[in-house]
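Reading through the structure tokens given below for one structure.
Structure below.
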């Protein structure tokens, strides 16, 4: 039996280890992908530190990695849409019996030399888009895209705010500018993140600890407040702050994941202003990925600069540590087998 290397997380002990495991074979309706690039996400860090736990994992160990690009290596029985050698991006999850399973969380992902995928859970990667840029689209880009275009339903000229300008938030700023939001207010305690937000297209970048934040938001929105606010930090205080500057009928979209309670300090005001709090997770992959790849291919968007470093698969633990410690302030690190 052929073998391959994979970075596997043992859930009970939260131990990440590089193992030699059997190379999978595609079953009926599946394809085997030779992994060319796999993104390292803060969600991976949270899986390792115990903040997140898989809901549907069978067994106690999983190969991490939900952002994956590569080439078709082999197709299973009944697969006619794909042939060996095609460049592809894998969806970050699959729907099975009406339930969404996340790749690299609920089933084996792409921190490996090869990865399995359902034949309908991947999309072609244009030749003009690198494997590294393609790999980060299924989460780091498509998640904020879904939050903006679907859950938040942002319309042109609406005032918006982005809290947390990290690996997803910085892309949210780019995407909000692309859909015509105005003004775009970015909020982050890090000076580097705020500079990054302005470079990505934010009209104003504020420190979350700034006592004049509410006044600054009021000034830039003509006193109206924000039509939509996006929490990419997953921090309770962030959510309270965002609610405090929402306009009447404004939407707060929760993208950042946290196990902390959500509270509304002034429930009467919230109801009177008919504001909304909307949960968001992932994106509609069959719609979002082709859309984003077309926009990249057409020169409307460019996320190549978001790849802050490329490391070999053998240094997966090092990549996780760099992201966790924000060493070098990375947007996205990518593993290459």
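Residue numbers (the UniProt record's numbering): 1 to 337. Think of the CB as a built atom: it goes at the ideal place given N, C-alpha and C, for glycine as much as any other residue.
{"Query": "Let me know the alpha helix (DSSP H) ranges lying completely inside the region 167-251, each 4 residues or longer, listed in chain order.", "Result": "169-178, 191-200, 213-220, 236-244"}
{"Query": "Exposed or buried, residue 232, counting other C-beta atoms within 10 Å across all chains shown (16 or more means buried)?", "Result": "buried"}
{"Query": "Kindly indicate which residue of 49, 2, 32 has the alpha-carbon position closest to the one of residue 321.", "Result": "49"}
{"Query": "With contact counted as at least three CB pairs below 8 Å, one residue from each stretch, are the region 10-24 and the region 52-70 in contact?", "Result": "yes"}
{"Query": "Given a cut-off of 7 Å, decide if residue 280 and residue 92 are closer than it, judged by their beta-carbon atoms.", "Result": "no"}
{"Query": "Does the structure place the region 35-42 close enough to the region 148-165 that three or more beta carbon pairs sit under 8 Å?", "Result": "no"}
{"Query": "Starting from residue 87, trace the beta strand (DSSP E) both ways and give me its first and last residue.", "Result": "87-90"}
{"Query": "Is the beta carbon of residue 238 sitting closer than 7 Å to the one on residue 202?", "Result": "no"}
{"Query": "Verify whether the separation of the beta carbon atoms of residue 143 and residue 256 is less than 7 Å.", "Result": "no"}
{"Query": "Which of the three DSSP states is assigned to residue 114 in this structure?", "Result": "strand"}
{"Query": "Only counting runs of 4 or more residues, tell me where the alpha helix (DSSP H) segments fall wholly within the region 98-158, in order along the chain.", "Result": "131-136, 142-146"}
{"Query": "Give a yes or no on whether the C-beta atoms belonging to residue 204 and residue 185 are separated by under 7 Å.", "Result": "yes"}
{"Query": "Out of 112, 329, 62, which one is the CA nearest neighbour of residue 47?", "Result": "62"}
{"Query": "So who's on the other strand from residue 340, going by DSSP bridges?", "Result": "Given that the chain is displayed from residue 1 to residue 337, the structure contains no residue 340 and the question cannot be resolved."}
{"Query": "On the CB-based measure, 16 or more other CB atoms within 10 Å of its CB, does residue 2 come out buried or exposed?", "Result": "exposed"}
{"Query": "Is residue 75 helix, strand or coil by DSSP?", "Result": "strand"}
{"Query": "Going by C-alpha distance, which of 292, 241, 155, 169 is nearest residue 227?", "Result": "155"}
{"Query": "In three-state DSSP terms, what is residue 14?", "Result": "coil"}
{"Query": "I need the straight-line Cα distance from residue 126 to residue 158, nearest angstrom please.", "Result": "32 Å"}
{"Query": "Nearest to residue 109 by CA position, among 163, 85, 181, 36, is which residue?", "Result": "36"}
{"Query": "Check for me: the beta strand (DSSP E) holding residue 96 runs from which residue to which?", "Result": "93-96"}
{"Query": "Which value, in whole angstroms, describes the spacing of the CA atoms of residue 139 and residue 145?", "Result": "9 Å"}
{"Query": "Under 8 Å, with one C-beta from each stretch per pair, do the region 22-33 and the region 101-118 reach the 3-pair mark?", "Result": "yes"}
{"Query": "Would you identify the three-state DSSP class for residue 268, choosing helix, strand or coil?", "Result": "helix"}
{"Query": "With a Cβ-Cβ cutoff of 7 Å, do residue 229 and residue 246 count as a contact?", "Result": "yes"}
{"Query": "With which residues is residue 163 paired in a DSSP beta bridge?", "Result": "187, 231"}
{"Query": "Mind listing, in chain order, the continuous beta strand (DSSP E) runs of no fewer than 3 residues lying wholly within the region 17-74?", "Result": "30-40, 61-63"}
{"Query": "Confirm, please, whether the CB-CB distance from residue 105 to residue 90 is below 7 Å.", "Result": "no"}
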